[in-house]
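Going by our numbering, 472 is the number at position 472 of the sequence shown; the sequence numbering is gapless. Where is the CB? At the ideal position from N, CA and C, for every residue including glycine.
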Amino acid sequence: MKKATSLLSPCIALGLALATAALASEGPTEAKGPVIYPPEVLSLPVEQAILTSPPNVPPAIKRRHPARVVVNLEVREVNMQIADGSEYTFWTYGGTVPGSFIRVRAGDVVEFHLNNHPSSKLPHNIDLHAVTGPGGGAASTFTAPGHSSKFTFRALNPGIYVYHCATAPVPMHIGNGMYGLILVEPSEGLPPVDREFYVMQGDFYTSGRYGEPGLQTFDMAKSIDEHPTYVLFNGAVGSLVGDKALAANVGENVRIYFGVGGPNLTSSFHVIGEIFDKVYYEGGLRVQEHVQTTHVPSGGATMVEFKTDVPGTYVLVDHSLSRAFNKGALGMLKVNGAEDRVIYSGKEIDAVYLGSQSEEGSASSRREAEIKARIAAELKSNPTLTGLTKEAQMERGKQVYMGLCFACHLPDGKGLPAVFPPLAQSDYMLADRDRATRVVLKGLTGPVTVNGATYNSAMPPQEAALTDQQVADVLTYVFNSWGNQGDAFTADQVKAVRNERH
Ligand SMILES: [Cu+2]
């Protein structure tokens with residue numbers, strides 16, 4: 001608790017104390033002793049719940065009668081990667097973010113054991129939205145490190161439900177990753193599908209900026225202001241990208257259980273290139289059909305289903321797109337199989353078109369979107385790079401470039417004629433290292449001549465988005481790619497330019 005309270009101002013701490021007093025759910029309650037089951041419950045078969053880590057989902061429930069289901073969920077506080085080179089102390093249910101997926105059937109009696117690992121520093125509990133009863137189980141499961149709590153509930157309502165920690169300060173426990181999904185299958189089961197996946201979105205508030213290396217801590221002020229550093233699917237940048245992308249084949253029916261842990265943001269869940277054939281909106285059993293984007297509240301969930309008709313990479317996003325392209329809320333589903341060029345032809349023609357400027361503008365943004373999608377498809381998770389060698393620095397710089405600069409200057413650094421100047425063998429850039437640094441930090445507007453061609457546009461300043469080290473990395477990358485050659489840049493050199501006054 002020490003770390004957390006030291007971050008709080010006295011007045012926030014007072015507010016929390018009041019909130020804690022108001023929410024009986026957060027403190028410990030006295031144990032009442034085991035529940036005496038009536039014969040109807042005693043006669044139920046007993047089974048151990050299968051729990052799975054994201055993006056996996058336990059197998060469909062085949063039985064058509066209730067059971068007594070024993071759930072054993074372990075709380076662990078663990079250091080894990082939040083982004084390449086950046087670590088975070090996550091608080092987890094089962095060692096993952098989101099926590100283990102729990103699957104029961106409507107009518108089941110659930111014996112829930114919450115075990116808090118002895119290495120934990122804090123007490124935790126669990127509020128399952130699938131529970132009918134005060135606090136959703138929170139008061140009954142308040143568990144100190146090295147302790148185990150048990151409570152029983154009957155799963156009365158079918159649907160897909162969020163569970164989360166409700167220990168004060170609640171937004172901090174959720175913001176550290178303490179949430180997951182529990183599916184209460186309808187008694188007749190859900191329609192069978194070929195693939196099921198488990199994805200949850202959460203917002204994260206770290207002491208450092210997006211991508212800042214090293215071990216990050218929770219930033220209470222950012223959380224209160226609802227200014228997340230990261231918005232993530234399954235707890236890390238790139239958790240569903242490259243080798244870790246979801247996979248399916250053409251012609252299969254896919255179901256995604258999608259939840260939002262929050263603590264603060266809601267999601268506009270969308271899969272680029274797919275239409276949801278069915279959405280079990282708000283996680284209930286009513287179905288809406290033919291949906292492009294579905295809204296999932298914080299502390300809410302949904303089930304979406306679609307058939308994969310053509311192969312390719314489909315990108316999962318929060319369609320509040322800065323979260324996807326700048327804060328990490330991006331995943332991929334790779335679909336393998338035969339093309340059907342009538343359903344989707346791919347690019348058929350690329351011809352020169354001399355329209356009005358606004359048309360050229362929209363064509364260029366269309367091309368930009370196409371390129372972004374292509375790059376996203378090719379991005380592979382890179383190994384963590386901590387060394388300070390130029391090569392390692394270039395790799396880090398490439399990540400910055402592929403996250404930020406490529407959209408305009410293109411992955412090959414050649415730019416777009418009359419729109420974006422080239423960085424590949426740019427006489428302008430290579431002639432003056434400080435000036436190039438200034439362009440990246442402060443932006444550039446007005447006419448500029450690069451390799452004999454004049455550009456008159458605007459480059460947005462990047463000084464708010466990038467650290468000195470990140471600017472040094474990306475400059476080292478662009479000064480040593482595509483035939484360019486130059487010395488590495490250091491963070492100090494960048495800092496000097498950042499602080500210069502005119
Ligand atoms: Cu907790």
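Exercise. Based on Cα-Cα distance, which residue from Ser86, Tyr88, Pro55 and Pro123 lies nearest to Ile102?
Worked result: Pro55
Exercise. In angstroms, rounded to a whole number, what distance separates the CA positions of Leu410 and Ile224?
Worked result: 37 angstroms
Problem set entry | Separation of Gly328 from Tyr314, as counted between CA atoms | 16 angstroms
For this session: Along the alpha helix (DSSP H) that carries Asp434, what are the first and last residues, could you check?
Result: Arg433 to Lys442
For this session: Can you check the segment 314-348 for any alpha helix (DSSP H) of at least 4 residues that lies completely inside it and give the ranges in chain order?
Result: 321-326
Exercise. Could you name the residues, in chain order, whose CB is less than 5 angstroms away from a heavy atom belonging to ligand 1?
Worked result: His124, Cys165, Thr167, His173 and Met178
Problem set entry | Residues of its chain near Met459, where Cβ-Cβ distance is below 8 angstroms and the 5 sequence neighbours each way are ignored | Cys408, Val439, Gly443, Leu444 and Thr445
For this session: Measure the CB-CB distance between Ser298 and Gly214 and report whether it falls below 9 angstroms.
Result: no
Problem set entry | Which of helix, strand or coil DSSP assigns to Ile174 | helix
Problem set entry | Exposed unless 16 or more other CB atoms sit within 10 angstroms - verdict on Ser426 | buried
For this session: Report all residues from its chain with a CB closer than 8 angstroms to the CB of Pro311; omit the five preceding and five following residues, and keep chain order.
Result: Val250, Val335, Asn336, Gly337, Ala338 and Glu339
For this session: Examine ligand 3 and report whether any of its heavy atoms sits within less than 8 angstroms of the Cβ of Met459.
Result: Ligand 3 is not among the ligands present in this structure, which contains only ligand 1.
For this session: Would you kindly report the start and end of the unbroken alpha helix (DSSP H) that includes His409?
Result: Phe406 to His409
For this session: Select from Ser119, Ala369, Ser187 and Tyr230 the residue whose C-alpha is nearest the C-alpha of Asp552.
Result: Outside the shown range of the chain (1 to 502) lies residue 552, about which nothing can therefore be said.
Exercise. Bridge partners of Phe101, per DSSP?
Worked result: Thr52
Exercise. What did DSSP end up calling Ile224 once you bin it into helix, strand or coil?
Worked result: helix
Exercise. How big is the Cα-Cα spacing for Phe204 and Asn176?
Worked result: 7 angstroms
Exercise. Which whole runs of the beta strand (DSSP E) in the segment 89-149 are 3 residues long or more, in chain order?
Worked result: 102-105 and 109-116
Problem set entry | Cβ pair His124, Thr167 closer than 9 angstroms | yes
Problem set entry | Those runs of the beta strand (DSSP E) which lie wholly inside the segment 174-218 and span at least 3 residues | 179-185, 195-204 and 214-216
Exercise. Three or more C-beta pairs closer than 8 angstroms, one from the segment 410-421 and one from the segment 389-396: is that the case here?
Worked result: no
For this session: Counting only the same chain and skipping the five closest in sequence on each side, list residues whose C-beta sits under 7 angstroms from that of Lys347.
Result: none
For this session: Taking the CB atoms as reference points, tell me whether Thr141 and Phe112 lie closer together than 9 angstroms.
Result: yes
Problem set entry | Euclidean distance between Cα positions of Glu500 and Val494 | 10 angstroms
Exercise. Leaving out the 5 sequence neighbours to the left and right, which residues in its chain are closer than 7 angstroms to Leu7 when beta-carbon positions are compared?
Worked result: Model confidence at Leu7 stands at a pLDDT of 40, short of 50, so the residue's coordinates are unreliable and nothing is read from them.
Exercise. Can at least three beta-carbon pairs, one atom from the segment 392-400 and one from the segment 474-485, be found at a separation below 8 angstroms?
Worked result: yes
For this session: Could you tell me if Ala236 is buried or exposed, where buried requires 16 or more neighbouring beta carbons within 10 angstroms of its beta carbon?
Result: buried
Exercise. If you draw a straight line from the alpha carbon of Tyr455 to that of Phe420, how long is it in whole angstroms?
Worked result: 7 angstroms
Problem set entry | Environment of Ala431 [buried if 16+ CB atoms lie within 10 Å] | exposed
Exercise. Taking the alpha-carbon positions, what's the Tyr344 to Ser43 distance?
Worked result: 55 angstroms
For this session: Could you check if Glu289 is buried or exposed, using at least 16 other CB atoms within 10 Å of its CB as the buried criterion?
Result: exposed
Problem set entry | Buried or exposed (CB count within 10 angstroms, at least 16 for buried), Ala24 | Low confidence applies here, because Ala24 scores a pLDDT of 38, under 50, leaving its location unreliable; read the following figure in that light. Counting Cβ neighbours within 10 Å, Ala24 comes out exposed, since fewer than 16 surround it.
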